[in-house]
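Engineer:
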DNA sequence: CGCATCCTTGATTTCATTCAAGGATTGTGG
DNA sequence: CCACAATCCTTGAATGAAATCAAGGATGCG
């Protein structure tokens with residue numbers, strides 16, 4: 001069932017057949033969600049890791065005066081929180097952007113699965129670090145790029161991530177978010193997002209209609225955005241001689257600490 | 001020797017005496033650094049975890065055209081990369097901002113220490129998650145706050161972090177960074193940072209002279225920045241047995257699907 | 001003392017927001 | 001299947017925030 005999750009992590013974690021099966025069984029209790037439904041509310045202490053099976057959601061922070069910042073998009077295969085959440089009250093909220101389905105992995109189960117299987121341990125480690133890398137890139141994106149570049153950069157990221165879970169054609173994928181959402185993602189007003197989109201369209205860099213994003217010339221958009229895909233870590237871990245912990249070490253490591261989940 | 005590291009992590013990890021001693025021995029090969037010296041260069045595969053002992057450094061990303069974004073400050077007790085860097089080529093650089101000293105922990109050693117001691121494992125886990133939380137907050141800071149608020153927010157964070165390692169007096173700490181650095185941190189030009197600082201000074205919210213930052217009325221600055229310190233996770237993990245949903249959450253739970261909590 | 005870095009100030013231009021309104025799409029119920 | 005409402009997208013004009021340009025002043029360092 002967690003098809004996209006496995007698909008995303010497999011190239012990096014090199015799952016065994018058992019690993020895949022274990023993951024299948026781990027992910028349970030699928031439920032549907034609909035747009036604007038809160039999947040996780042800030043301040044809540046989690047006992048499960050929620051996985052997006054279908055549809056999109058976003059992590060966001062909101063100020064008292066209503067201003068909102070989207071800090072991450074969650075697409076199929078993404079988890080809503082860290083698999084081992086230590087200070088286990090989350091400090092952001094998660095809200096559905098479309099209809100979709102999510103399921104959950106019990107906190108205890110995930111720990112014991114990581115104990116038993118190095119492949120699964122690697123997978124979740126890897127996913128955590130990849131998520132952090134994206135977050136760093138988003139910080140940089142909001143801080144140093146122009147409006148045009150920010151949006152172009154976001155689109156480059158999205159299509160690559162969608163491809164990684166098999167949800168993008170060669171040059172297009174769904175983009176089920178409003179221009180208001182886009183604005184709250186890259187720190188621009190809705191009106192300005194609209195104008196930038198039209199510029200990008202006029203320049204032939206994208207088409208975006210009925211929630212279908214197409215990037216006819218990826219290299220061109222990438223150049224505009226100064227997009228460097230290294231942060232998406234799709235190549236899998238670099239196993240260079242002496243640093244990467246051996247599988248048995250990882251297992252012991254995780255077993256060693258009963259982490260508040 | 002890693003005095004600040006222990007001091008920072010102790011309240012969250014509850015070290016044993018052995019843990020403290022083990023950490024002492026783990027951190028080795030102290031060397032001095034000086035301003036603008038690169039401690040880590042993007043793309044390099046790390047075999048050690050570098051720890052800041054004294055002085056400040058920053059993590060940054062740079063575009064081809066020279067624009068630079070500081071994505072994190074490293075103060076004494078901070079590590080320059082994740083303790084288990086799986087896709088182990090870092091995608092950011094680290095540069096010293098002041099003179100100072102750093103040391104390193106061997107990758108293998110850190111793993112085996114985490115294996116042997118739950119306290120040490122907890123500590124590094126905790127530190128990783130806390131770092132991620134800061135990164136999320138920075139993304140939001142750059143995206144949704146005004147210039148004034150951004151700088152105020154940064155100052156609130158810095159003084160709290162400095163306090164956590166015993167490097168802040170009641171209401172002041174050193175801030176050894178130029179206005180240009182500040183600009184590259186919050187996404188503003190140097191000139192504009194200068195003007196905002198003067199506004200904050202004129203409003204009596206800060207003094208900043210000779211690299212000494214003073215916040216006479218923290219609550220006031222916090223209010224201006226809409227600063228919520230929950231993301232700094234200084235309280236330690238939340239060991240709540242069961243999370244009881246608040247009334248307004250109950251309503252949502254009953255109405256829709258029981259999600260995640 | 002003199003150089004280099006950093007800070008400060010004013011004037012101007014650019015970029016982005018806000019305000020306001022009209023048009024297009026989508027979804028819903030009759 | 002159509003009418004209607006709600007949401008979303010689009011456009012223009014006016015305002016505001018921040019960047020840029022250009023210099024002068026302060027501070028610290030050798």
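Protein chains in written order, with the UniProt record's numbering: chain A, 1 to 261; chain B, 1 to 261.
Glycine is no exception: its CB is placed at the ideal position from the N, C-alpha and C atoms.
These numbers were taken from a predicted model, which means no experiment stands behind them.
1. Measuring only between beta-carbons, confirm whether residue 242 of chain A sits less than 9 angstroms from chain B.
2. With a threshold of 8 angstroms, are at least 3 pairs of Cβ atoms found where one atom belongs to the segment 139-159 of chain A and the other to the segment 74-87 of chain B?
3. Examine chain B for any beta-carbon lying closer than 9 angstroms to the beta-carbon of residue 79 of chain A, and answer yes or no.
4. Distance cutoff 9 angstroms, beta carbons only. Does residue 128 of chain B sit that close to anything in chain A?
5. Straight-line CA distance for residue 264 of chain B to residue 228 of chain B?
6. Answer yes or no: does any C-beta atom of chain B fall closer than 9 angstroms to that of residue 61 of chain A?
7. Can you give me, in chain order, the residues of the segment 87-100 of chain B that have a beta carbon less than 7 angstroms from any beta carbon in chain A?
8. Please confirm whether residue 104 of chain A and residue 44 of chain A have their CB atoms less than 9 angstroms apart.
9. Check distances from the C-beta atoms of the segment 137-159 of chain A to those of chain B and list, in chain order, the residues that come in under 7 angstroms.
10. Rounded to whole angstroms, how far is the Cβ of residue 183 of chain B from the Cβ of residue 142 of chain A, which I believe are closer than 8 angstroms?
11. If you pair each beta-carbon of the segment 59-69 of chain A with each one of the segment 122-141 of chain A, do three or more pairs fall below 8 angstroms?
12. Check the C-beta distance from residue 100 of chain B over to residue 56 of chain B and give it rounded, since I have them as a contact under 8 angstroms.
13. Kindly indicate if chain A contains any beta-carbon less than 9 angstroms away from that of residue 18 of chain B.
14. Taking 8 angstroms as the threshold, find out whether the segment 208-223 of chain B comes into contact with the segment 170-184 of chain B through three or more Cβ pairs.
15. Assuming residue 127 of chain B contacts residue 9 of chain B under a Cβ cut-off of 8 angstroms, what Cβ separation, rounded to an integer in Å, is found between them?
16. Can you tell which of B:5, B:222, B:17, B:233 has its C-alpha closest to the C-alpha of residue 117 of chain B?
17. So what's residue 72 of chain B in DSSP terms, helix, strand or just coil?
18. Sorted by chain position, which residues of the same chain lie with C-beta nearer than 8 angstroms to residue 240 of chain B's C-beta, five sequence neighbours on each side aside?
19. Give the interface partners of residue 67 of chain B over in chain A, defined as CB-CB distance under 9 angstroms, in chain order.
20. Quick check on the DSSP output: the alpha helix (DSSP H) that includes residue 139 of chain B runs from which residue to which?
21. So, is the C-beta of residue 171 of chain B closer than 9 angstroms to a C-beta in chain A?
22. I'd like to know if residue 301 of chain A contacts chain B, where contact means its C-beta is closer than 9 angstroms to some C-beta of that chain.
23. What first and last residue would you give for the alpha helix (DSSP H) that runs through residue 174 of chain B?
24. When you compare only the Cα positions, how much space is there between residue 263 of chain B and residue 130 of chain B?
25. Any beta carbon from chain A within less than 9 angstroms of residue 102 of chain B's own beta carbon?
26. Since residue 29 of chain A is in the alpha helix (DSSP H), which residue starts that stretch and which ends it?
27. Pick out the complete beta strand (DSSP E) segments inside the UniProt domain "HTH crp-type" (145-219) of chain B, 3 residues or longer, and give them in chain order.
28. Going by the CB atoms, is the gap between residue 94 of chain B and residue 39 of chain B shorter than 9 angstroms?
29. From the DSSP secondary-structure annotation, give me the bridge partner or partners of residue 8 of chain B.
30. From the DSSP secondary-structure annotation, give me the bridge partner or partners of residue 54 of chain B.
31. Quick check: what's the CA-CA separation for residue 152 of chain B versus residue 166 of chain A?
32. Please state the DSSP three-state secondary structure of residue 293 of chain B.
33. Using the rule of at least 16 other Cβ atoms within 10 Å of the residue's Cβ for burial, across every protein chain shown, is residue 111 of chain B buried or exposed?
34. DSSP puts residue 90 of chain B in a beta bridge; with which residues?
Structural biologist: A quick look at the data gives this:
1. Indexing the first chain from 1 puts residue 242 of chain A at position 242. Because residue 242 of chain A carries a pLDDT of 36, less than 50, the predicted location of this residue cannot be relied on, and the following value inherits that uncertainty. Yes, residue 242 of chain A counts as interfacial toward chain B.
2. no
3. Here residue 79 of chain A refers to the residue found at position 79 of the first chain. No, its Cβ sits nowhere closer than 9 angstroms to a Cβ of chain B.
4. Indexing the second chain from 1 puts residue 128 of chain B at position 128. Taking Cβ atoms only, chain A reaches closer than 9 angstroms to residue 128 of chain B, which makes this a yes.
5. The structure shown does not extend to residue 264 of chain B, since chain B is modelled only from 1 through 261, so no value can be given for it.
6. Within the first chain, numbered from 1, the residue matching residue 61 of chain A stands at position 61. Cβ-Cβ to chain B under 9 angstroms: yes for residue 61 of chain A.
7. 87, 88, 89, 91, 92
8. Counting from 1 along the first chain, the entry for residue 104 of chain A is found at position 104. Counting from 1 along the first chain, the entry for residue 44 of chain A is found at position 44. Not in contact: residue 104 of chain A and residue 44 of chain A (Cβ atoms no closer than 9 angstroms).
9. 138, 139, 140, 142, 143, 144
10. Your numbering for residue 183 of chain B matches position 183 in the second chain. Your numbering for residue 142 of chain A matches position 142 in the first chain. Their Cβ separation, rounded to whole angstroms, is 14 angstroms, which puts residue 183 of chain B and residue 142 of chain A out of contact at 8 angstroms.
11. no
12. In the second chain, the residue the question calls residue 100 of chain B occupies position 100. In the second chain, the residue the question calls residue 56 of chain B occupies position 56. With 8 angstroms as the limit, residue 100 of chain B and residue 56 of chain B qualify as a contact, their Cβ atoms being about 7 angstroms apart.
13. Along the second chain, read from residue 1 onward, the residue named residue 18 of chain B stands at position 18. No, residue 18 of chain B lies away from the interface with chain A (no Cβ there is under 9 angstroms from its Cβ).
14. yes
15. Taking the first residue of the second chain as 1, we reach residue 127 of chain B at position 127. Taking the first residue of the second chain as 1, we reach residue 9 of chain B at position 9. With 8 angstroms as the limit, residue 127 of chain B and residue 9 of chain B qualify as a contact, their Cβ atoms being about 6 angstroms apart.
16. As a working mapping, residue 117 of chain B is identified with position 117 in the second chain. Of the listed residues, the one whose Cα sits closest to residue 117 of chain B is B:17.
17. Your numbering for residue 72 of chain B matches position 72 in the second chain. Note: residue 72 of chain B maps to strand in three-state DSSP.
18. As a working note, residue 240 of chain B is residue 240 in the second chain. Per-residue confidence for residue 240 of chain B stands at a pLDDT of 35, beneath the threshold of 50, marking its modelled position as unreliable; the derived number appears in the next sentence. Same-chain partners within the cutoff: there are none.
19. Locating residue 67 of chain B in the second chain gives position 67, where the first residue counts as 1. Within 9 angstroms Cβ-Cβ: 144, 145, 226.
20. One-based indexing of the second chain puts residue 139 of chain B at position 139. Residue 139 of chain B -> alpha helix (DSSP H) spans 118-144.
21. The residue labelled residue 171 of chain B in the question sits at position 171 within the second chain. By this cut-off, residue 171 of chain B is not an interface position.
22. This structure leaves residue 301 of chain A out entirely; chain A is present only between 1 and 261.
23. Translated into positions along the second chain, residue 174 of chain B becomes position 174. Counting along the chain, residue 174 of chain B falls outside any alpha helix (DSSP H), though it belongs to the beta strand (DSSP E) covering 172-174.
24. The structure shown has nothing for residue 263 of chain B, since chain B only spans 1 to 261.
25. Reading the second chain from its first residue, position 102 is the one you call residue 102 of chain B. Judged by the 9 angstroms Cβ criterion, residue 102 of chain B is not in contact with chain A.
26. Counted from its first residue, the first chain places residue 29 of chain A at position 29. From DSSP, residue 29 of chain A is part of no alpha helix (DSSP H) but of the beta strand (DSSP E) over 28-33.
27. 172-174, 207-209, 212-214
28. Indexing the second chain from 1 puts residue 39 of chain B at position 39. Indexing the second chain from 1 puts residue 94 of chain B at position 94. Yes, the Cβ-Cβ distance between residue 39 of chain B and residue 94 of chain B is below 9 angstroms.
29. Looking up residue 8 of chain B in the second chain gives position 8. According to DSSP, which records beta bridges pairwise, residue 8 of chain B is partnered with nothing at all.
30. Here residue 54 of chain B corresponds to residue number 54 of the second chain, with the count starting at 1. DSSP, once it has assigned bridges, lists B:101 as partnering residue 54 of chain B.
31. For this step, residue 152 of chain B is matched to residue 152 along the second chain. For this step, residue 166 of chain A is matched to residue 166 along the first chain. Each residue's Cα considered, the two are about 43 angstroms apart.
32. Beyond the ends of chain B as shown, which are 1 and 261, falls residue 293 of chain B; an answer cannot be given.
33. By one-based count along the second chain, residue 111 of chain B stands at place 111. Classification for residue 111 of chain B: buried.
34. Against the second chain, residue 90 of chain B aligns to sequence position 90. Answer by DSSP bridge pairing: none, since residue 90 of chain B is not bridged.
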